[in-house]
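Protein chains in written order, with this note's numbering: chain A, 1 to 343; chain B, 1001 to 1286. Worksheet: the structure to be examined is printed underneath.
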């Protein structure tokens, strides 16, 4: 009971201390927007051919004639109300576009994270159990190579092997076949929506479509996760409590999983938070390779046609997600190691 | 740490290299890459931007070692010529953030107080962004040019160098030999430049080698999504992007070879960085 409230207090305190960074992020994205090339007033008027007066009117409407601090205030107020501007590309409010597309990105990233953890933790544990064995060297080689292959290359090579050569994967574009029926959007997560609709055939189709992009992203982050699992397992396997557990005669499984692994999880959780940040970045590349209709490909499309409000909204969203994830990592940390909440 | 450069340091380095084949190979690879970057464009068998449409999309052969692309350009020649641009972007970006980071970081570590606090906050804000996304937004903001890829890559590397230099200077600033230098009448600038920085630089150089690989991946990623480098300039990221259209019809060579070039280059710098770290500080060996 005490641990739960301590964890909550810790989470709250951490949240408060992440507020300045969040404010900095807001100011930074605002400034980025201000130095962007081109005059937004010209864009928002009917085009470069618009008359001078028309542009002046639009400039006033957009508040661009005011001083910089005033504009920052207006921007903060707008963001506070959830108004991120309007996309010229889709003609819709950016906030709505992002909300529609976020589930696709999250589904991809979370699936990739789960795959990466399922692969990396056992690999790291096996390598730590037999240091300098064949499996240890194999894992190390895999880790060294894993961080060197760019995500976009491994994604394309996976397409080559699984779609072109083996024919196992479906056409690698988008979340689902364009002619397939889409389940009623309840959560936006296709896998969940198909399950809720009881459409298992559709679920399987969506799962197959998700497999390659998720695998691509997972491959990129297995290396740091496996490496840190191995290192921290080595420390905890060599510690006194494991020796004690051995001398008591506990089963090998119990020693490794219950005692050593639980204590080795802290650094893994920390790295998982950092890894999540690189995954948010890698999202841009993976969504581009697989034409995945997520927030990153939305921002990218907007960027290439000089539509800046979506880009700004996207950067803000990613930074906010990252702050929230760091907060979550901290809470998990407290749960995994109750001593951390005392400090 | 300051062993490096002296003759005993050189002997130590040679000893480590001899015992460590991987690092020696990586060092040789890095030298080879530098040679390719300098002399490659003079040696290539084909003009990297000359198209030859009748010979488009040919698989690797004795004539075209890495095949030809959709315009009939020789992929191998383009790979070689691209080395210079890719390395130049990464090396410039990392050097810029190395120098700026070392100056700002050691200033923060030495002076402390309000300046340290303010810059610490700035670094916190930078670190609150997923770094690739930040680089992407900066290239968008500054304009879609190669120089801006360099600037963006330099800025996302900056926090690591600032933090590193700050921490290293901070733990040393009140040590005996620094006090002694001050007692001998050395000014603050002189203490930082002559006594503190030289002790921090070797460790930062290791960081630099490790960062080079990361910078190359970042820059290639940016040009893959269409930022910075413009076609028909040969560059590994853009070559992959152009080849991507042909992968689902089985033209594997357009993606695989630039991908392999990226991978080997990054691997080379990573292994070199690990090796340098072993030479400088055997305790940090993993």
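Note that the Cβ used here is the ideal one computed from N, Cα and C, for glycine as well.
From the DSSP output, in three-state form, read off residue 81(A) for me.
coil
Collapsed DSSP secondary structure at residue 93(A) in the structure displayed
strand
Do the CB positions of residue 121(A) and residue 229(A) come within less than 8 Å of each other?
yes
Under a Cβ-count criterion, where at least 16 other Cβ atoms within 10 Å of its own Cβ denotes burial, should residue 75(A) be classed as buried or exposed?
buried
Is it buried or exposed, residue 1175(B), if we count other Cβ atoms within 10 angstroms and call 16 or more buried?
exposed
Comparing C-alpha positions only, which one of 288(A), 64(A), 125(A), 339(A) sits nearest to residue 1223(B)?
288(A)
Considering only the alpha carbon of each residue, which of 1159(B), 1073(B), 1065(B), 1110(B) lies closest to residue 1094(B)?
1159(B)
Taking a cut of 7 Å between CB atoms, which residues from the stretch 1264-1278 of chain B lie near chain A?
1266, 1267, 1270
Report the rounded CA-to-CA distance for residue 175(A) versus residue 1203(B), giving the unit in angstroms.
46 Å
Identify, in the order they occur along the chain, each residue of the same chain with its Cβ nearer than 6 Å to the Cβ of residue 1067(B), setting aside the five sequence neighbours on each side.
1058, 1059, 1060, 1075, 1253
Beta-carbon proximity check, residue 242(A) vs residue 260(A), cutoff 8 Å:
yes
If we cut at 8 Å on Cβ distances, does residue 1248(B) have a partner in chain A?
yes
Quick one: which chain A residues come within Cβ less than 9 Å of residue 1121(B)?
20, 21, 24
With a Cβ-Cβ cutoff of 8 Å, do residue 111(A) and residue 312(A) count as a contact?
no
Hey, is residue 163(A)'s beta-carbon within less than 8 Å of any beta-carbon in chain B?
yes
Per DSSP, what kind of secondary structure is residue 1074(B) in: helix, strand or coil?
strand
Looking only at C-alpha atoms, which of 107(A), 23(A), 56(A), 234(A) sits nearest to residue 73(A)?
23(A)
Enumerate in chain order the residues of its own chain whose CB-to-CB distance from residue 171(A) is below 8 Å, with the five nearest sequence positions on each side excluded.
163, 177
Among the residues of its own chain, which have a CB less than 7 Å from the CB of residue 156(A), if the five just before and after it don't count?
289
In the DSSP assignment, find the unbroken alpha helix (DSSP H) run with residue 330(A) in it and report its ends.
308-336
Near residue 116(A), which residues of its chain fall below 7 Å by C-beta distance, leaving aside the five closest residues on each side in sequence?
218, 221, 222, 225
Starting from residue 1052(B), trace the alpha helix (DSSP H) both ways and give me its first and last residue.
Counting along the chain, residue 1052(B) falls outside any alpha helix (DSSP H), and DSSP gives it neither H nor E.
Which residues, in chain order, does the stretch 313-324 of chain A contribute to contact with chain B at a C-beta distance below 7 Å?
315, 318, 319, 322, 323
Name, going along the chain, the residues of the stretch 1192-1221 of chain B whose beta-carbon falls closer than 8 Å to a beta-carbon of chain A.
1213, 1217, 1220, 1221
Show which residues of chain B have a CB atom less than 8 Å away from the CB atom of residue 222(A).
Neighbours of residue 222(A) on chain B: none; closest Cβ ~16 Å, over 8 Å.
Terminal residues of the alpha helix (DSSP H) in which residue 220(A) lies:
200-237
May I ask you to report which of helix, strand or coil DSSP gives residue 86(A)?
strand
Would you tell me roughly how many angstroms separate the C-alpha atoms of residue 12(A) and residue 278(A), rounded to the nearest one?
25 Å
Does the distance from the C-beta atom of residue 205(A) to that of residue 180(A) stay below 8 Å?
yes
Report the residue from 1127(B), 1104(B), 1126(B) whose alpha carbon sits nearest the alpha carbon of residue 1116(B).
1104(B)
Please return the same chain residues whose Cβ sits closer than 8 Å to the Cβ of residue 1235(B), not counting the five positions on each side in sequence.
1082, 1085, 1086, 1220, 1223, 1229
Identify whether residue 1068(B) lies in helix, strand or coil by the three-state DSSP scheme.
strand
Assign residue 1177(B) to buried or exposed, taking buried as 16 or more other Cβ atoms, counted over all protein chains shown, within 10 Å of its Cβ.
exposed
Listed by chain order, chain A residues near residue 1257(B) by CB distance under 7 Å:
What residue 1257(B) touches in chain A: nothing, since even the nearest Cβ is about 10 Å away.
Using C-beta distances below 7 Å, list every residue in its chain close to residue 90(A), excluding the 5 sequence neighbours before and after it, in chain order.
97
Are residue 18(A) and residue 323(A) closer than 8 Å when you measure CB to CB?
yes
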